[in-house]
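**Student:**
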Amino acid sequence: MARSHSATASRRQPPEDLLRHAALAADEDEERNELREMLNKRYAAQRHTNFTEVSSYVFDTARELMRRSEIFDATKLSVKDQDRYGRTA
Numbered sequence: 404m405a406r407s408h409s410a411t412a413s414r415r416q417p418p419e420d421l422l423r424h425a426a427l428a429a430d431e432d433e434e435r436n437e438l439r440e441m442l443n444k445r446y447a448a449q450r451h452t453n454f455t456e457v458s459s460y461v462f463d464t465a466r467e468l469m470r471r472s473e474i475f476d477a478t479k480l481s482v483k484d485q486d487r488y489g490r491t492a
């Protein structure tokens, strides 16, 4: 099956919607995250711990991926890794 140009191009950049929107300032994003954490604590006080830990983990992981968007740049992979996972160009 042939790969489309857009599928190939998307491998060179982070997934769509991973990065903070340009209209949202870093301090606003931090305030938004602080609000989420406060609401998570309130939610956790009323729920079973396992459920709230999983939810928090997902958001925390997504936030870390947003901070490390460079990991999606296939051009920074070693030649060995590019051979292993496939070249994008």
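In terms of our numbering, the sequence shown is residues 404 to 492. Note that CB positions come from ideal geometry on N, CA and C, so glycine has one too.
1) Could you give the C-beta distance for D421 and L468, rounded to a whole number, given that I count them as a contact under 8 Å?
2) Between which residues of its own chain and D432 is the CB-CB distance below 6 Å, once the five residues before and five after are set aside?
3) Confirm, please, whether the CB-CB distance from S459 to N443 is below 7 Å.
4) Cβ atoms of T455 and A465: under 7 Å apart, would you say?
**Tutor:** From the atom records:
1) Note that residue 421 is Leu in the sequence shown here, rather than Asp. That belief holds up - the Cβ atoms of L421 and L468 are roughly 6 Å apart, short of 8 Å.
2) R423.
3) A Cβ-Cβ contact shorter than 7 Å links N443 with S459.
4) Against a cut-off of 7 Å, the Cβ pair of T455 and A465 comes out as no contact.
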